[in-house]
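Written out below as structure tokens is the structure these notes cover.
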Amino acid sequence: MKIKPIAVAVAVVFSLTSCVSTDPLKKNKETLIGCAIGTGLGALLGNYIAGKDGIAYGAAAGAAIGCTIGYDVQKKREALEALAKAENLNIQYASISTSTAEDSPSSIFINSTDNTVTGEDAEKYADYQDVGMAATISSNDDTMFVSGSAIATNKAKVQFQKLSEIYKDSSANILITGHTDSSGSEELNQSLSEQRARYVAQIFSEAGIAPERLYFQGAGESQPVAANRAESGKAQNRRVEVIEIVGKPEQLLAYSSKQKSNLAYLSRRSQDRVNSVAAPAKETTRSSSGSQTPQIDLAKVSQAQVKKLVKPTSLKVPSVDFGGTEMTQIASNFAYLVGERKQDSFALFSKAYASEISNLNCAAEGPRVDGEVKSLATGDRYQKSDYNTGDYLPGMNGTVWVEKVNGHYIGLTPVAVISNGGAAVTAPVINIWKDFDSGKTQDTPSYQVNSSIETYYGETGLLYRVFSTDRNAPVRCMDIVMPIDKTAKAIAGKLYYEKNKTVYEANFEPKLL
């Protein structure tokens, strides 16, 4: 008999607070959910494989797995709560679940404790099963690392050692991610956060966890949870994240990818960018759920601020005119068109902030600087290379997307985005045929521009953001809202370029070739 494989999809996160619960039912929530889901899925699988005779065996096996994982998550939560109380740390944690359904949506589900999952969402995630936990740690009263150094303070080192003791018996894969505030350059912050993450991962290794199961990543300042304008917000952004997932390391990649493509982080960075050219902020009361700094209406940014944020970078006179108009508005409605994913309302953000997703265009925002997941055992980047066609979003499995703009033909290739987390596998080359004539053979593009790529996964689309890596290239950047169904044309798009030392914009809505 052939057994149809059960596909394990992407990580799903149910965000929880770090408060100690006195309700026995709530306190045993993870164990109860794990047992119930494990029993149900095991019964279904047993029935699928061996009919009625397999139901009991499948239910028993599923319950054993579900209860074990749920109990382990529960015990770690209790240990983390005790550590937070004893060391005056702020620890927020989330249980991580994956789906066993073959047609499961490729998305991470993040649900705070004050948001009840009901209706369609309850049905959508009914088959998800706990496979691990994520914990975010920051200090309430001290900096955890020496300024500008990857070495923890003596006090913080002891705290990290105590933290590692909680995980030392784990057989799961563990990812340590470092985060910084926005002080200093983005490149320096990314490098520093990566070194710090590796430092903490090494402490975990010294506790007895095999280096082959330990991974680290430096996110730098790319995932802010509070406004960097005030010191209290900076303190919240300086944090270490510990992600533990049972199964293949690819699950860690899925988690990392989904965090990178979270629109809330993009929106928070946009606010920080505008704040950087605004008047200094007054210190506000720190909140565990996010900064109290008011949201800025990006559509009302003054022209003086626009000029400070968007400066021409080209050193040469551009030779391609895309027929656009001068860019006077830096706000973009593309985040709205992409559609905020309900499961991306991560608990580290305040409810008020999570409901106000907005962003700058790519010319004003600039490329983010973040790091990749690396193995502690080898120090090398960990990446999966054997993707199948079904692993990609429709129409984005290494394809070509093209559009003619003011007589110039533009092609992006390869466009390759994984549905599990919404990450781009590779950055496309921007091919430009100047003054394209369809009646003539023009095999070689007039310009071939290398790029860096960012993706932001929404409920109804994907923001595909392309930055030229050559400051003298004809194109500065592109914002494209790509469809996530089988539609073969972009939902919306803009390309930005420079002319007469001024930034211009032109519509760019490519089609699948």
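In my numbering, the protein residues as written are 88 to 600. Quick reminder that beta carbons are idealized off the backbone N, C-alpha and C, glycines included. Quantities reported herein were computed from a predicted structural model and do not represent experimental measurements.
Checking the DSSP bridge columns, you'll see D566 partnered with R552 and K581.
For G410 against N493, the beta-carbon gap comes to about 3 angstroms, under 8 angstroms, which counts as contact. Shortest Cα-Cα distance from G305 to any of S280, P298 and V312 involves S280.
In chain order, L353, S354, S357, S419 and A422 place their CB closer than 6 angstroms to the CB of N446, counting only its own chain and leaving out the 5 sequence neighbours on each side. In the structure shown, L262 adopts extended strand secondary structure according to DSSP, grouped into three states.
The criterion of a C-beta distance shorter than 9 angstroms is not satisfied by T415 and R563.
Taking C-alpha positions only, A577 is separated from T185 by approximately 30 angstroms. Residues R316 of the same chain have their beta carbon placed closer than 6 angstroms to that of N362, with the five preceding and five following residues left out of the count.
Taking a cut-off of 8 angstroms on C-beta distances, the segment 289-297 touches the segment 234-248, as three or more cross pairs fall below it. As computed with DSSP, I330 is found in a beta bridge with A221 and L262.
DSSP, read as helix, strand or coil, puts K598 in strand. Nearest Cα to R326 within the set N227, E337 and Q535: N227. C-alpha of V536 to C-alpha of Y479: approximately 24 angstroms in a straight line. For D268, same chain residues with a beta-carbon under 6 angstroms away, outside a window of 5 residues either side, are N315, K321, N324 and R325 in chain order. Counting only the Cα atoms, E585 lies some 43 angstroms from A221.
Rounded to the nearest whole angstrom, the C-alpha separation of Q277 and L599 is 35 angstroms. A residue is called buried once 16 or more other Cβ atoms fall within 10 Å of its Cβ, and N475, having fewer, is exposed. The DSSP-derived three-state label of I290 is helix.
Of all alpha-carbon atoms in G526, G271 and K255, the one lying nearest the alpha-carbon of L301 is that of K255. Bounds of the beta strand (DSSP E) holding L499 are H495 to I505. The beta carbon of N177 lies closer than 6 angstroms to those of S225 and N227 in the same chain, with the five residues before and after it left out. Taking a contact to require three or more Cβ pairs closer than 8 angstroms, the segment 535-550 and the segment 515-525 qualify as touching.
The Cβ atoms of L549 and V425 sit closer than 9 angstroms to each other. Note on geometry: alpha-carbon atoms of V312 and S319 lie some 11 angstroms from one another. Here the C-alpha atom of Q470 lies approximately 8 angstroms from the C-alpha atom of E337. Rounded to whole angstroms, the separation of the alpha carbons of G508 and N594 is 28 angstroms. In the three-state scheme derived from DSSP, where H, G and I count as helix and E and B as strand, E452 is classed as helix. Its Cα nearest to that of E252, the residue A166 stands out among A511, V502 and A166.
The beta carbon of A464 lies closer than 7 angstroms to those of P298 and E299 in the same chain, with the five residues before and after it left out.
Within the same chain, Cβ atoms closer than 7 angstroms to the Cβ of T513 are found at P501 and A503, the five residues on either side in sequence being excluded.
Using a Cβ distance threshold of 9 angstroms, G235 and V456 do not count as a contacting pair. Residue environment analysis places S389 among the exposed positions, since fewer than 16 neighbouring C-beta atoms fall within 10 angstroms of its C-beta. G426 carries a coil assignment under DSSP once its states are collapsed to helix, strand and coil.
Taking a 10 Å sphere around the C-beta of N241, we find fewer than 16 other C-beta atoms and assign the residue as exposed. Out of K172, K335, E168 and N587, the CA that lies nearest to the CA of A181 is found in E168.
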